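Per the UniProt record's numbering, the sequence shown starts with residue 1, numbered consecutively.
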Amino acid sequence: MRALKFTLSGKTAFFKKPDVNTYLYFTYGQVHKVALLGIIGAVTGLKGYGQQTAEDVFPEFYNRLHNLKVAIRPESEKGYFSKKVQTYNNSVGYASKEQGGNLIVKEQWLEFPKWTIFILLDNHPDGQLIEHHFLTKQFMYYPYLGRNDHFATIADVEIIDVVKATDINQVDTLFKKSPTIHVMSEIDSFDDSNDWKYEEFLPTALHEETNLYVMEACIFTNMSIETTDKENFYRYEDQTLYFI
């Protein structure tokens, strides 16, 4: 099966969490599927949230791409990227009820994030469109890592072949936490200090009625796994990929 592979990186990223307080906004620790679909939509010229009308159930990019299968591999130590809180003044008049309309805003940003992205192209109606725009670097809109002051770099674009995985011992990408996937070191009684696991609730879809995020626990680990459901697992060279 044909897939698109590329690296996605930037100096900073801000994938805003909806659960915020007045003065501090937090970021997800990874590019999640909904944000990644937005980036793919920008590259291919699909409309985003800003062009969504009252009659639209979803923004165009999500309506067209929500069934697209993607795999995300963090290129970082144990899945973690450095985070730093940035402070700046929002002086727009409506931003604050305080005198002078000045609000001090704090945001948590990822620093120098990088991922390897895989996209299954076969059997998707927009597969050829995605392939064309990525390979020719004809980006219809500039891609960002969450917001337009976090520029995205897309590099090392290539078409690869992946095959269904049959023997699954370890996963080299993020995967959804599931009762059918067992992380073995969590079951074994002994403790291996070299084992590590990154786990975070990340958006994997949008609710139809509210357009709010559908959240699911996702894992990135070097631990061995066992699974009874091999549906979303593929092999590329010596890597096992899980497509969300």
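Using N, Cα and C, we set each Cβ at its ideal position, and we do this for glycine too.
Source: prediction; values computed, not measured.
Tell me whether residue i sits in a helix, a strand or coil according to DSSP, three-state version.
| i | result |
| --- | --- |
| N89 | strand |
| F26 | coil |
| A205 | strand |
| Q170 | coil |
| K33 | helix |
| E55 | coil |
| T228 | coil |
| Y144 | strand |
| Y198 | strand |
| K177 | coil |
| residue 254 | What is shown of the chain runs 1 to 244, which leaves residue 254 out entirely. |
Please name the residue or residues paired with residue i in a DSSP beta bridge.
| i | result |
| --- | --- |
| S9 | K114 and T153 |
| R2 | D161 |
| L121 | Its beta-bridge partners do not exist; DSSP assigns none. |
| K83 | L110 |
| K16 | T27 |
Would you check if the distance between the CB atom of residue i and the CB atom of residue j is smaller than 8 Å?
| i | j | result |
| --- | --- | --- |
| I119 | A205 | no |
| A165 | K106 | no |
| K114 | S9 | yes |
| I244 | V43 | no |
| Q128 | D172 | no |
| A155 | T7 | yes |
| I181 | F175 | yes |
| Y80 | Y198 | yes |
| I58 | K47 | One point to set straight first is that residue 58 is Phe, not Ile, in the sequence displayed. No. Outside cutoff. |
| A152 | Y144 | yes |
| L202 | H32 | yes |
In or out: residue i buried (at least 16 other Cβ within 10 Å) or exposed?
| i | result |
| --- | --- |
| Q30 | buried |
| T221 | buried |
| F112 | exposed |
| P179 | exposed |
| E237 | exposed |
| R73 | buried |
| T53 | exposed |
| N123 | exposed |
| Y242 | buried |
| N232 | buried |
| R64 | buried |
So residue i is in the beta strand (DSSP E); what residue range does that whole segment cover?
| i | result |
| --- | --- |
| F129 | Rather than Phe, the amino acid found at residue 129 in this sequence is Leu. Premise fails: L129 lies in the alpha helix (DSSP H), G127 to T136, not in any beta strand (DSSP E). |
| residue 326 | Absent from the structure is residue 326, since the part of the chain shown begins at 1 and ends at 244. |
| F233 | F233 to Y236 |
| V183 | I181 to V183 |
| L241 | Q239 to Y242 |
| P74 | V70 to P74 |
If you follow the alpha helix (DSSP H) that residue i is part of, which residue opens it and which one closes it?
| i | result |
| --- | --- |
| R64 | E60 to L65 |
Using beta carbons (cut-off 8 Å, strictly below), is residue i in contact with chain B?
| i | result |
| --- | --- |
| E55 | Note that chain B does not occur in the displayed structure, where there is just one protein chain. |
Is residue i near the ligand NAD - that is, is its Cβ less than 7 Å away from at least one heavy atom of it?
| i | result |
| --- | --- |
| L8 | This structure simply doesn't include the ligand NAD, nor any ligand for that matter. |
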